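A.B. asks: Sharing a structure below in structure tokens format, with a few things to ask.
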Amino acid sequence: MKFITPAEEELSYLRADPLLWEQELDVRPEVAEDIEKATGIRAGRVYWRSEHDHLYALELADLGRGRPSMAMVYGFWDRYEPRPPEHEIDADLLKFMIWVGEISKSIDSSDVERVAEFAQMQTGRLQTTWPEGSVLRTPEERFANLPGFPYEAKYVEVEGLRMAYVEEGKGDPTLMLHGEPTWGYLYRHMIPPLSKVGRVIVPDQIGCGRSDKPVADNAYSYKAFVRWMRKFVQTLDLQGITLIGQDWGGLVGLRIVAQMPERFSRLVMMNTGIPDGRGGTRAFFAWRRFSQRQTELDVPALIKQAVQDHTLTDAEAAAYGVPFPSKEYQTAALLWPRQVPTRPDHPGAYDNRVAIEVLRTLDTPVLLPWAGGDAVTHGGDAGLRRIFKNCAPPLPIESAGHFIQEDAGEEVAKHIIDWIESIQKIS
Amino acid sequence: MTRELPTKPDWLKPLFPWEQHSITVNGRLMAYVDEGDTKARPVLLLHGNPTWGFLYRDFIGPLTEAGYRAIVPDWIGAGYSDNPRVDAVLTSAHHIADLVSLMDQLKLRGFVIVGQDWGGPQGVGAALQRVERLDAIVLMNTWLFTGYVGRFHSSPRPWTTWHAPLIGQFFMKRHKVLSLEGPSTVSQRGMTETEAQGYHHIYEETDSDHVVLTWPRTIPMREGDRGWNDILNIERRLPELADVPTLLLWAPEDNVFPIEYANRLKELMPHAEGPITFDKAAHFLQDDRGPDLARAIVEFLNRTVGGSL
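Here it is as structure tokens:
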């Protein structure tokens with residue numbers, strides 16, 4: 001267990017949820033003493049971040065008996081948001097229990113694991129992965145014969161969820177991340193040209209496309225999308241990545257860049273951003289208000305409305321609705337707009353501010369093809385320009401709308417290929 | 001202002017038709033069944049962990065029909081009694097003092113202690129405080145001494161790991177591995193779903209099961225452990241019970257208190273009858289072999305002390 005010191009500011013955006021209250025920590029004095037030794041404190045708090053990026057603390061109290069005598073384990077959640085799924089908390093707590101076993105001379109951590117298995121078998125309540133029925137999977141036959149999208153899905157498992165992606169071509173990886181309310185299909189005009197010059201990887205974010213779709217709202221958070229995509233990149237062990245991100249593809253992608261900058265060689269950000277919690281465009285607020293009042297999104301209609309290129313056929317528009325046989329499949333699409341941080345205390349805003357400080361230090365080349373016909377992200381390229389040191393000259397695509405990949409995919413792909421070539425020439 | 005006990009669900013009533021009375025002991029509300037002639041000899045039927053008076057549902061009828069008064073309390077923290085969320089009020093000393101308070105307020109005299117699991121030390125511990133009024137003891141799969149710890153209670157899988165500091169909060173409190181999986185798991189006769197629910201429903205509420213964790217932690221293994229002094233106090237006073245008719249009824253197939261415990265009790269209380277053993281029964285022998293045990297107790301009491309005072 002690696003203990004950390006979270007910033008006061010981070011804690012101010014979180015709420016401490018007492019998960020375990022040990023009133024009699026020194027009912028076995030030697031265990032209490034081992035905990036003191038391992039944490040270095042007799043009273044106070046130690047913090048750690050779990051595999052799920054959740055923050056936890058162990059709080060010890062000294063009642064004057066020469067050792068810590070009471071303990072509380074807290075989980076820290078977004079201050080006013082429901083807590084994440086119980087199985088994530090259980091998995092994290094179980095890791096902590098095993099740690100208690102490891103640092104205690106009188107407890108064997110393998111016994112803790114065995115007892116946990118026993119409890120899982122016996123009670124069925126101690127769940128460390130998605131419970132039966134909590135995750136939906138769109139039937140594969142719905143994805144057959146989609147216009148312009150002959151790509152078979154490949155799959156990796158991330159936290160017990162099946163994440164789908166398209167992989168085409170060979171060479172340095174180009175990772176293309178979609179956003180709301182789309183999936184990898186959005187990149188179908190860019191896959192052929194870019195896969196000629198490199199290895200193209202187009203994942204569907206969790207809750208979208210051919211990837212698995214947890215049903216509950218609290219399964220999804222900005223942090224969770226980042227975590228899932230980070231684990232995707234780590235699982236494929238991508239290096240030297242050219243990252244292409246639009247909409248939530250950028251919001252998620254840039255956070256991963258900040259977490260693992262060494263894996264990324266070039267960034268292409270299109271009609272996206274890394275919002276630090278200082279407002280948003282009027283068009284975004286209108287969209288957020290509209291979307292949050294829906295119980296079901298008519299995704300093909302939304303795409304059709306936003307796309308400027310009127311050659312989009314009904315069959316193509318319909319392909320955006322294919323991942324959602326019913327509204328139960330739309331949890332991610334329905335809640336994504338409200339997770340864009342627009343206030344300083346918005347979940348994710350603080351994390352983005354921390355990420356921005358990292359991004360400011362990077363020399364990574366950045367290209368910003370920006371659709372001029374998108375009021376939602378209007379001015380976002382200027383914002384990114386203030387963060388990144390090494391931006392290519394502005395690249396406005398005036399004819400395109402929010403879904404720039406639909407309106408000008410081939411054109412943008414060509415710009416990207418030329419830009420990469422120009423960078424490689426210089427170096 | 002008087003508080004009332006929680007209402008029992010309708011499905012429970014066919015299995016447990018008796019009304020529970022309530023009485024305030026040491027500031028907390030204790031639930032107890034009190035059936036039979038109030039002038040008859042009181043028989044205190046004392047449960048252990050993680051059960052409640054429900055465990056004695058096969059005993060109340062036979063005892064009252066034989067002319068005894070059956071009193072079945074739920075320990076504070078268990079059953080329909082108050083369940084304080086503070087570990088420090090769930091020590092052996094508190095449990096014993098609670099039962100003594102019940103005995104005093106009901107003005108019990110010439111009483112009989114019938115105890116299994118924690119009903120043994122807590123029942124005998126209370127009886128020793130009012131030893132002048134004690135007339136007989138029946139012990140079933142329990143212990144009253146410090147010198148011997150069996151394999152179950154010293155084993156890390158699952159017992160000592162289950163209730164270890166912090167780890168116990170995870171397994172026993174957050175996941176209720178004992179409070180919701182107790183008697184049904186070891187039932188030898190295969191209890192029904194409804195019967196299992198009869199044991200488990202009392203702990204469904206979050207945090208209502210402090211006692212299910214404090215009890216295991218009170219089984220002392222070494223000097224200084226929680227509960228060591230209380231068990232030692234009882235053990236030292238056992239010679240005072242040499243004239244009290246005592247009966248040992250035992251389920252040797254119980255892996256928690258196997259027959260070695262009965263043998264040790266017999267050494268400490270050589271005047272005790274038994275152990276009379278009952279097969280097809282595990283730790284909760286009252287549930288597995290209730291009518292047979294009740295018959296044995298009635299026979300023993302009729303022969304030694306009788307129902308009238």
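Those protein sequences? They're chains A and B, same order as listed.
Residue 427 is where the first sequence ends in my numbering, and the numbering goes up by one at each step.
Residue 309 is where the second sequence ends in my numbering, and the numbering goes up by one at each step.
Glycine included, C-beta positions come from ideal geometry on N, C-alpha and C.
From a predicted model like this one, the values you see are computed outputs, not experimental measurements.
Determine the contact status of Y56 of chain A and P18 of chain A, defining contact as a CB-CB distance below 8 Å.
C.D. replies: No, the Cβ-Cβ distance between Y56 of chain A and P18 of chain A is not below 8 Å.
A.B. asks: Give the residues of chain A in contact with Q169 of chain B, contact being defined as C-beta atoms less than 8 Å apart.
C.D. replies: Result: L20, W21, E22, V73.
A.B. asks: S104 of chain A by DSSP, collapsed to three states: which one?
C.D. replies: S104 of chain A: coil per DSSP, three-state reduction.
A.B. asks: With DSSP as the reference, label P158 of chain B as helix, strand or coil.
C.D. replies: Three-state result, P158 of chain B: helix.
A.B. asks: Does any C-beta atom of chain A lie closer than 8 Å to the C-beta of W11 of chain B?
C.D. replies: Output row for W11 of chain B: interface = no.
A.B. asks: Fully enclosed by the region 300-371 of chain A, which beta strand (DSSP E) runs are 3 residues long or longer?
C.D. replies: You should have 369-371.
A.B. asks: Have a look at A:E159, A:V115, A:E167, A:R266 and flag the residue whose alpha-carbon is nearest the alpha-carbon of P150 of chain A.
C.D. replies: Comparing Cα-Cα distances from P150 of chain A to each of A:E159, A:V115, A:E167, A:R266, the minimum goes to A:E167.
A.B. asks: For L19 of chain A, which three-state DSSP category applies?
C.D. replies: Residue state, collapsed to three classes: strand.
A.B. asks: Tell me whether the region 310-325 of chain A and the region 222-229 of chain A touch, counting them as touching only if at least three CB pairs, one residue from each stretch, are closer than 8 Å.
C.D. replies: Not touching, per the Cβ criterion.
A.B. asks: Beta-carbon of A126 of chain B versus every beta-carbon of chain A: anything under 8 Å?
C.D. replies: No, because no Cβ of chain A sits closer than 8 Å to the Cβ of A126 of chain B.
A.B. asks: Quick check on D418 of chain A: buried or exposed, where buried means 16 or more other Cβ atoms within 10 Å of its Cβ?
C.D. replies: Burial call: exposed.
A.B. asks: Nearest-angstrom Cα distance between W118 of chain B and W228 of chain B?
C.D. replies: Their backbone Cα atoms lie some 14 Å apart in a straight line.
A.B. asks: Against chain B, which members of the region 112-129 of chain A pass a CB distance test of less than 7 Å?
C.D. replies: Under the 7 Å Cβ criterion, the region 112-129 of chain A contributes V112, R114, V115, F118, A119, Q122, T123, R125, L126.
A.B. asks: Quick one: is L180 of chain B near chain A, going by C-beta distance under 8 Å?
C.D. replies: For L180 of chain B, the answer is yes, since a Cβ of chain A falls inside 8 Å of its Cβ.
A.B. asks: Consider the Cβ of D87 of chain B: report whether some Cβ of chain A lies at a distance smaller than 8 Å.
C.D. replies: Yes, its Cβ sits closer than 8 Å to a Cβ of chain A.
A.B. asks: Buried or exposed: where does A43 of chain A fall if 16 or more other Cβ atoms within 10 Å of its Cβ makes it buried?
C.D. replies: A43 of chain A should be labelled exposed.
A.B. asks: Measuring straight from C-alpha to C-alpha, what distance separates E51 of chain A and V376 of chain A?
C.D. replies: The straight-line gap from Cα to Cα measures roughly 34 Å.
A.B. asks: Can you name the residues of chain B whose CB is closer than 9 Å to the CB of A32 of chain A?
C.D. replies: What A32 of chain A touches in chain B: P165.
A.B. asks: How many angstroms separate the CA atom of F170 of chain B from the CA atom of L60 of chain A?
C.D. replies: Spanning the two alpha carbons is a distance of roughly 17 Å.
A.B. asks: Closer than 7 Å, Cβ to Cβ, to anything on chain A: give me those residues from the region 148-164 of chain B, in chain order.
C.D. replies: Correct list: P156, R157, P158, T161, W162, A164.
A.B. asks: Would you mind telling me which residues of chain A sit closer than 9 Å to T51 of chain B, beta carbon to beta carbon, in chain order?
C.D. replies: Residues of chain A passing the Cβ test: none, with the nearest at roughly 18 Å.
A.B. asks: Just checking, does the region 258-271 of chain A make contact with the region 281-297 of chain A on the three C-beta pairs under 8 Å criterion?
C.D. replies: Contact fails: fewer than three Cβ-Cβ distances are below 8 Å.
A.B. asks: Determine contact between the region 110-128 of chain A and the region 167-187 of chain B, defined as no fewer than three beta-carbon pairs at a distance below 8 Å.
C.D. replies: Touching, per the Cβ criterion.
A.B. asks: From T440 of chain A to V46 of chain A, what distance separates their C-alpha atoms?
C.D. replies: There is simply no residue 440 of chain A to check, as chain A begins at 1 and stops at 427 in what is shown.
A.B. asks: By the criterion of Cβ-Cβ separation under 7 Å, what are the contact partners of H175 of chain B in chain A?
C.D. replies: By Cβ distance, chain A contributes A119, T123, R125, L126.
A.B. asks: Pick out the complete alpha helix (DSSP H) segments inside the region 60-86 of chain A, 4 residues or longer, and give them in chain order.
C.D. replies: Qualifying alpha helix (DSSP H) stretches: none in this window.
A.B. asks: In the DSSP output, what is W250 of chain B paired with across the bridge?
C.D. replies: Partner(s): B:T277.
A.B. asks: Which residues of chain A have a Cβ atom closer than 9 Å to the Cβ of T185 of chain B, listed in chain order?
C.D. replies: Q122, listed in chain order.
A.B. asks: Check the Cβ of R217 of chain B against every Cβ in chain E and list those closer than 8 Å, keeping chain order.
C.D. replies: Judged by its chain identifiers, the structure shown contains no chain E, and its protein chains are A and B.
A.B. asks: How many angstroms separate the CA atom of L238 of chain B from the CA atom of I41 of chain A?
C.D. replies: Cα to Cα, the separation comes out at about 45 Å.
A.B. asks: In chain A, which residues lie with their C-beta within 8 Å of the C-beta of R226 of chain B?
C.D. replies: Residues of chain A passing the Cβ test: E24, V27.
A.B. asks: Please report the straight-line C-alpha distance between P17 of chain B and A93 of chain B, rounded to a whole angstrom.
C.D. replies: Near 31 Å, if we compare the C-alpha coordinates of A93 of chain B and P17 of chain B.
A.B. asks: Using beta carbons (cut-off 8 Å, strictly below), is M97 of chain A in contact with chain B?
C.D. replies: Answer yes: the Cβ-Cβ gap between M97 of chain A and chain B drops below 8 Å somewhere.
A.B. asks: Please state whether DSSP places F257 of chain B in a helix, a strand or coil.
C.D. replies: Coil.
A.B. asks: Measure the Cβ-Cβ separation of L267 of chain A and T174 of chain A and say whether it is below 8 Å.
C.D. replies: No.
A.B. asks: Counting only Cβ pairs nearer than 8 Å, list the residues of chain B close to D17 of chain A.
C.D. replies: By Cβ distance, chain B contributes nothing, its closest Cβ being about 12 Å from D17 of chain A, past 8 Å.
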